[in-house]
Amino acid sequence: MLEVSQLSRRYGEYLAVDSVSFSISKGEIVGLLGHNGAGKTTIMKMLSGFLEPDHGKVMVDGLDLAQHTKKIQHSLGYLPENLPVYPEMTVADYLDYAADLKGLAGNHKREEIKRVIGATDIGAKLNATIATLSRGFKQRVGVAQAILGRPKVLILDEPSNGLDPEQTLQMRALIREIARDATVILSTHIMQEVEALCSRVLLVRSGQLAVDAKLSELCQSNRILLDTSLPSADKELLAQLTDVLSVELLPSSTPSAGDPSPCFRYAIAIAPEANQRALCARIAKKLVNANHQLWQLTPEQRDLETLFKAANTRQQSVQEVNRAA
Ligand SMILES: Nc1ncnc2c1ncn2[C@@H]1O[C@H](COP(=O)(O)OP(=O)(O)OP(=O)(O)O)[C@@H](O)[C@H]1O
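At position 218 of the sequence shown (counting the first as 1) the number is 218 in full-length UniProt numbering, and the numbers step up by one without a gap.
Right, here's the structure in full:
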């Protein structure tokens with residue numbers, strides 16, 4: 001659906017985007033992440049045809065954006081960080097104008113405007129002047145214009161900006177629904193947003209693509225956490241299992257009230273190629289057969305926030321980030 005190759009852009013002497021390449025399929029929601037000034041907005045502007053790259057190519061559905069800019073822009077939705085919603089216009093007039101820009105006309109245009117008003121829940125303020133709207137409401141108007149015409153590629157810069165928690169949930173549901181038939185690129189500094197929506201992340205660092213990985217792969221760790229009555233002296237019982245690399249005793253968790261059994265917490269390092277579910281089953285069986293209590297057995301999930309802090313601050317590849325975490 002979207003193929004980006006060797007995209008570069010300078011502002012004067014400054015190289016803001018440096019040879020960035022990736023491709024995104026239909027149905028994917030991809031997080032575009034990075035520190036302030038990393039180059040995300042410049043990439044998004046180039047993807048949406050608002051800024052020409054110095055080098056490289058953007059292909060949408062097999063068409064070159066440089067050669068078919070207007071056509072592609074009609075099938076593209078873009079919510080920029082600083083909404084260019086015209087303050088003196090009413091919401092209704094603005095949507096009408098945005099629909100014209102997307103090449104919508106007649107019944108289809110009317111139906112689309114109606115649909116996006118419903119989807120973003122902005123019906124109550126159609127005749128209000130945009131300048132009088134709250135930040136969150138303006139944001140919803142911005143999203144409404146972005147999804148007009150059911151875009152094949154939707155580019156959203158901080159879509160939850162200014163939204164309250166309930167509106168944030170509605171926005172996430174809306175993005176998921178759109179992604180069924182589209183490619184969605186989402187730029188945000190909110191890691192919960194990434195975890196809730198994205199299947200993949202692209203991390204930009206100093207204009208270069210530093211990480212392109214599935215979220216599940218990034219957050220998966222090669223450790224299993226175990227709470228059990230098995231004392232440390234007997235931990236060899238688990239260390240002998242195939243695919244177990246080491247068994248480390250962690251500061252023990254507190255036994256629950258009224259439960260006199262001591263509870264030991266272990267981090268079990270496993271071989272990267274091991275089947276975690278199958279190994280969990282073998283660990284459980286081993287403990288139960290040895291008459292030990294098993295309170296918790298769970299693959300460790302790594303925290304995205306920490307991973308990205310590491311990826312941003314050090315010159316690391318994704319493999320190095322994986323090893324370090
Ligand atoms: N019009 C411009 N003229 C000169 N430099 C610019 C211009 N636009 C952006 N830059 C610079 O290019 C770099 C990348 O900017 P960009 O806005 O793409 O980053 P970003 O990752 O979107 O940042 P943020 O998270 O703060 O929005 C920054 O150093 C910025 O100062």
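Ideal Cβ positions, reconstructed from N, Cα and C, are used throughout, including at glycine.
Taking the Cα positions, S229 is about 10 angstroms away from V288.
Y11 is classed as exposed because its beta carbon has fewer than 16 other beta carbons within 10 Å across all chains shown. In the structure shown, the three-state DSSP call for H55 is strand. Taking the Cβ of E273 as the reference point, every heavy atom of ligand 1 lies at 7 angstroms or farther away. One alpha carbon belongs to L209, the other to R9, and they sit about 13 angstroms apart. The C-beta separation of I24 from L2 comes to about 5 angstroms, placing the pair in contact by the 8 angstroms criterion. Nearest neighbour of G27 by Cα position, chosen from L249, V244, T188, V153, turns out to be V153. Using a Cβ distance threshold of 8 angstroms, D181 and R150 count as a contacting pair.
Bounds of the beta strand (DSSP E) holding I270 are 264–270.
For R110, the uninterrupted alpha helix (DSSP H) run begins and ends at 106–120, by DSSP. The count of Cβ pairs closer than 8 angstroms, one atom from the stretch 123–141 and one from the stretch 76–87, reaches three, so the stretches are in contact.
The residues Q6, L7, S8, H55, G56, Q208, in chain order, have a CB closer than 8 angstroms to that of S19 in the same chain once the five nearest residues on each side in sequence are set aside.
Taken through DSSP and simplified to helix, strand or coil, R140 comes out as helix. Within its own chain, the residues whose Cβ lies closer than 7 angstroms to the Cβ of D61, once the five positions on either side in sequence are excluded, are M1, K152, listed in chain order. For the pair C280 and L294, the CB atoms are not nearer than the 8 angstroms cut-off.
Under the 10 Å beta carbon count, N127 is surrounded by fewer than 16 other beta carbons and is classified as exposed. From the listed residues D227, L197, K109, the smallest Cα separation to P251 is found for D227. For E193, the enclosing alpha helix (DSSP H) covers residues 191–197. Cα atoms of E177 and A274: separation of roughly 35 angstroms, rounded to the nearest angstrom. Cβ-Cβ distances below 7 angstroms link G136 to G162, L163, D164, Q167 in the same chain, with the five nearest sequence neighbours on each side left out; the list follows chain order. Around the C-beta of P159, 16 or more other C-beta atoms lie within 10 Å, and the residue is accordingly described as buried. Between the stretch 232–239 and the stretch 59–74 there are fewer than three inter-stretch CB-CB distances shorter than 8 angstroms, so the stretches are not counted as touching.
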